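Taken in order, these protein sequences are the chains called A and B.
Okay, so the first sequence: first residue is 369 according to the working numbering, each after it adds one.
Okay, so the second sequence: first residue is 369 according to the working numbering, each after it adds one.
We treat Cβ as the ideally placed atom computed from N, Cα and C, and that holds for glycine.
For clarity, every value in this text was computed on a predicted model and none was experimentally measured.
Only one structure is covered here, and it is reproduced in the block below.
2 protein chains.
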Amino acid sequence: MNQRQFVAEGKSSDGGGRPGKNGDGPKRHEAIYQSISDAIIEHRLKPGARLREDALAEVFGVSRTGIRKILQRLALEQLVTLTPRRGASVTRPTADEAKDVFDARLMVECGLMPEIARRITAEDLAALRDMATRERQALRSGEQSTAIRLSADFHTRLASISGNATLADFVERLCSRSSLILAVYGNAGHLGCESHDHDDLIGYLEAGNGERAEAFMGRHLKAIEASLSIHVEEDEAPDLFEIFSG
Amino acid sequence: MNQRQFVAEGKSSDGGGRPGKNGDGPKRHEAIYQSISDAIIEHRLKPGARLREDALAEVFGVSRTGIRKILQRLALEQLVTLTPRRGASVTRPTADEAKDVFDARLMVECGLMPEIARRITAEDLAALRDMATRERQALRSGEQSTAIRLSADFHTRLASISGNATLADFVERLCSRSSLILAVYGNAGHLGCESHDHDDLIGYLEAGNGERAEAFMGRHLKAIEASLSIHVEEDEAPDLFEIFSG
DNA sequence: GGGTCTGAAAGCGTATACAATGATCGGCAT
DNA sequence: ATGCCGATCATTGTATACGCTTTCAGACCC
């Protein structure tokens with residue numbers, strides 16, 4: 369990919385290369401936010417990666433001010449960590465956080481299932497099926513990034529069907545963080561959702577069987593969590609005495 | 369113009385009135401955030417109130433940059449609304465949002481109860497009891513603001529006992545928004561939680577009866593929601609034709 | 001030879017300046 | 001007199017400049 373000048377800036381609308389002119393403000397920022405967010409969720413930016421403001425400002429052709437705003441938003445969603453004088457880096461979730469996130473998903477996504485089964489429409493089913501299909505294809509062809517993204521999108525889309533925007537937002541955020549968790553604790557090759565799981569779930573929903581869907585989602589999420597290798601790495605201040613006492 | 373310098377703070381550490389010097393950064397900002405957040409939650413700033421950046425910058429003795437950061441954080445928590453070229457104002461929740469928020473609380477707060485009942489300690493119980501007592505006192509002496517705040521704190525604290533920081537955060541945010549909802553749809557004099565409800569809940573938790581606590585919390589939240597007068601004010605594009613057709 | 005201290009460099013935090021946009025108010029024409 | 005149009009004003013959006021903190025490299029001392 370062309371590294372520099374990720375998007376060919378506002379050249380088209382306003383005058384030439386003058387970078388100062390604000391192009392089309394809010395849309396541009398939203399696009400940058402999406403770019404960074406996607407890169408993190410798709411594991412193109414790995415946990416721990418530093419995100420220097422200057423570098424990002426240069427890459428996207430805006431000033432640090434806009435980048436800072438975006439970084440802070442990402443920090444509030446816990447995708448990046450802002451250390452006081454050290455700048456931003458992609459969040460490296462702890463084992464505790466991983467547990468919290470999956471417990472939360474278990475509660476909310478399962479709890480939403482009955483309502484989703486009640487409200488789901490034909491269009492919804494078609495869209496979900498499409499996502500599941502594309503996800504399987506991506507998995508087969510080895511495009512991990514795409515598969516991860518589609519999996520998160522599937523769960524997010526599902527939650528949105530409930531009609532509760534607040535909870536859907538929450539689920540979306542949890543899915544993003546889950547992606548981060550998978551990046552740290554996931555085993556290569558066995559990433560997250562089994563491909564047929566989503567299809568099975570769609571089947572239950574199509575049948576209007578909210579209870580089975582709920583139970584299945586529970587197993588689904590527990591399976592993902594169980595597939596993680598939670599090695600509690602205490603890289604912070606390793607206890608050397610303990611280690612070398614033998 | 370004597371800026372009334374809401375919090376005197378910074379003066380002590382670094383030199384006198386020189387506003388430019390960055391004092392002690394993060395703490396100051398957090399304090400300002402809390403101040404504004406509290407003012408909104410306690411209904412001292414009512415929904416719809418405009419929050420001009422210049423004014424806030426002057427009041428708190430920092431520049432607009434810091435204020436903007438705080439405003440954006442509040443916007444992400446949906447306590448303030450940021451309209452593109454119009455600035456910030458305290459969010460006026462819609463009826464739909466109100467329903468979503470209470471449905472979410474119903475799901476999460478109730479779902480948390482069993483775990484809370486399992487984990488609650490004597491200190492927790494004491495703290496909760498203290499909060500409930502102070503809330504009742506505030507209610508009796510007519511300090512609505514204090515009562516509202518204590519009620520939200522009670523629910524937030526309760527959620528934190530679960531040990532799940534993610535869900536606790538979510539509940540905290542829901543409680544903040546609930547306060548906003550009460551400001552718009554609540555009936556004066558009958559604000560939110562009945563005073564004895566919280567005490568009853570503490571009783572169930574002390575007995576370790578998670579199921580009863582869960583059921584009670586459900587009734588509690590439903591009662592609050594039912595007490596709202598959801599007059600679906602469609603101030604946005606009122607259907608004049610409909611109105612004046614008679 | 002290794003540890004520690006110091007100077008330079010780099011990067012973040014904050015403030016200020018400038019530009020653009022939407023709102024408000026006064027003037028003019030009908 | 002009223003409605004429309006234009007100009008000024010107020011307020012946000014963005015960029016840039018500056019100061020402070022941290023960090024890293026090299027040299028000195030132990």
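(request) Report all residues from its chain with a CB closer than 6 angstroms to the CB of Arg453/B; omit the five preceding and five following residues, and keep chain order. (result) Spatial neighbours of Arg453/B in its own chain (CB-CB distance under 6 angstroms, excluding positions within 5 residues in sequence) are not present.
Checklist entry - Beta carbon of Ile549/B, beta carbon of Val476/B: below 8 angstroms? => result In this structure, Val476/B does not lie closer than 8 angstroms to Ile549/B by Cβ.
Taking the Cβ atom as the reference point for each residue, do Arg543/A and Thr524/A lie within a distance shorter than 8 angstroms? Checking the sequence, you will find Cys at residue 543/A rather than Arg. Yes, Cβ-Cβ distance for Cys543/A and Thr524/A is below 8 angstroms.
- Task: Give a yes or no on whether 8 angstroms exceeds the smallest Cβ distance from Arg441/B to chain A.
- Result: Arg441/B counts as touching chain A.
Mind checking which residues open and close the beta strand (DSSP E) that includes Gly479/A?
-> Here Gly479/A belongs to no beta strand (DSSP E); instead the alpha helix (DSSP H) covers 463-487.
In three-state DSSP terms, what is Val430/A? Note: Val430/A maps to coil in three-state DSSP.
Can you tell me the Cα-Cα spacing of Phe538/B and Gly531/B, whole angstroms?
Roughly 13 angstroms between the two C-alpha positions.
Could you please give the first and the last residue of the uninterrupted beta strand (DSSP E) stretch that includes Ala456/A?
Per DSSP, the unbroken beta strand (DSSP E) holding Ala456/A starts and ends at 455-458.
**OP:** Specify the secondary structure class of Arg508/B as computed by DSSP and reduced to three states.
**Re:** Three-state result, Arg508/B: helix.
Worksheet entry | Leu507/A versus Ala520/A: straight-line alpha-carbon distance, rounded | Separation of Leu507/A and Ala520/A (C-alpha to C-alpha, rounded to the nearest whole angstrom) is 14 angstroms.
What is the C-beta distance between Gln446/B and Lys437/A, in whole angstroms, given that I count them as a contact (C-beta under 8 angstroms)? About 17 angstroms; that fails the 8 angstroms criterion.
Helix or strand or just coil, what does DSSP make of Leu450/A? In this structure, DSSP gives Leu450/A an extended state, which the three-state scheme calls strand.
Measure from the alpha carbon of Glu483/A to the alpha carbon of each residue in Leu589/A, Gly455/A, His588/A, Asn577/A, then state which is nearest. Put simply, of Leu589/A, Gly455/A, His588/A, Asn577/A the residue whose alpha carbon is nearest the alpha carbon of Glu483/A is Asn577/A.
(request) Give the DSSP-derived three-state secondary structure of Arg418/B in the structure shown. (result) DSSP places Arg418/B in strand when its eight states are reduced to three.
Note the first and the last residue of the continuous alpha helix (DSSP H) segment covering Leu542/A.
From DSSP, the alpha helix (DSSP H) with Leu542/A extends over 533-553.
Quick one: which residues of the segment 529-540 of chain A get their C-beta closer than 7 angstroms to a C-beta of chain B? List them in chain order. Residues of the segment 529-540 of chain A whose Cβ lies closer than 7 angstroms to any Cβ of chain B, in chain order: Asn532, Ala533, Thr534, Leu535, Phe538.
Q | DSSP-derived helix/strand/coil call for Gly571/A | A | It is helical.
Q. Smallest Cα separation from Leu419/A: which of Asp565/A, Leu480/A, Ile404/A?
A. If we check each option's Cα against that of Leu419/A, Ile404/A comes out closest.
- [ ] Would you tell me roughly how many angstroms separate the C-alpha atoms of Val552/A and Ala536/A, rounded to the nearest one?
- [x] The alpha-carbon atoms of Val552/A and Ala536/A are separated by roughly 25 angstroms.
Which residues in the same chain as Ser457/A place their Cβ atom closer than 7 angstroms to its Cβ, once the five residues preceding and following it in sequence are excluded?
Counting only Cβ-Cβ distances below 7 angstroms, and skipping sequence neighbours, we find Gly416, Ala417, Arg418, Leu419, Val448, Thr449.
Next on the checklist: Once the 5 residues before and after Ala376/A are set aside, which same chain residues still bring their CB inside 6 angstroms of it?
Outcome noted: Annotation note: pLDDT 35 at Ala376/A (below 50); position unreliable, coordinate value reported separately. Excluding sequence positions up to five before and after Ala376/A, its CB lies less than 6 angstroms from no other CB in the same chain.
Compare the C-beta of Leu550/A with all C-beta atoms of chain B and state if any pair is closer than 8 angstroms. No, its Cβ sits nowhere closer than 8 angstroms to a Cβ of chain B.
Enumerate in chain order the residues of its own chain whose CB-to-CB distance from Arg412/B is below 7 angstroms, with the five nearest sequence positions on each side excluded.
If we look at Arg412/B and ignore the five residues flanking it on each side, its Cβ neighbours are Ser513.
So Ile409/B and Leu493/B are supposed to be a Cβ contact under 8 angstroms. How far apart are they, rounded? Wrong, their Cβ atoms sit about 25 angstroms apart, outside the cutoff.
Closest residue to Ala407/B among Thr501/B, His588/B, Ile516/B (Cα-Cα distance):
Measuring C-alpha to C-alpha distances from Ala407/B to each of Thr501/B, His588/B, Ile516/B identifies Ile516/B as the nearest.
By a C-beta neighbour count over all protein chains shown, 10 Å radius and 16 as the cutoff for buried, is Ser597/B buried or exposed? It counts as exposed.
Ends of the alpha helix (DSSP H) at Leu596/B?
Run containing Leu596/B: none; DSSP gives neither H nor E here.
Cutoff 8 angstroms: Lys437/B Cβ touching any chain A Cβ: For Lys437/B, the nearest beta carbon of chain A is closer than 8 angstroms to its own beta carbon.
* Asked: Do you know how far the Cα of Leu442/B is from the Cα of His588/B?
  -> Each residue's alpha carbon lies about 28 angstroms from the other.
Fill in: Cα-Cα separation, Ala495/B to Ala485/B
For Ala495/B and Ala485/B, the distance between alpha carbons rounds to 15 angstroms.
Next on the checklist: Once the 5 residues before and after Lys414/A are set aside, which same chain residues still bring their CB inside 8 angstroms of it?
Outcome noted: The answer, listed in chain order, is Val458, Ala551.
Worksheet entry | Distance, Glu574/B Cα to Ala581/B Cα | As the crow flies, the alpha-carbon of Ala581/B is around 10 angstroms from that of Glu574/B.
* Taking only beta-carbon positions, decide if Leu419/A is within less than 8 angstroms of chain B. => No, no contact with chain B.
Closer than 8 angstroms, CB to CB, is Gly479/B near chain A or not? Answer yes: the Cβ-Cβ gap between Gly479/B and chain A drops below 8 angstroms somewhere.
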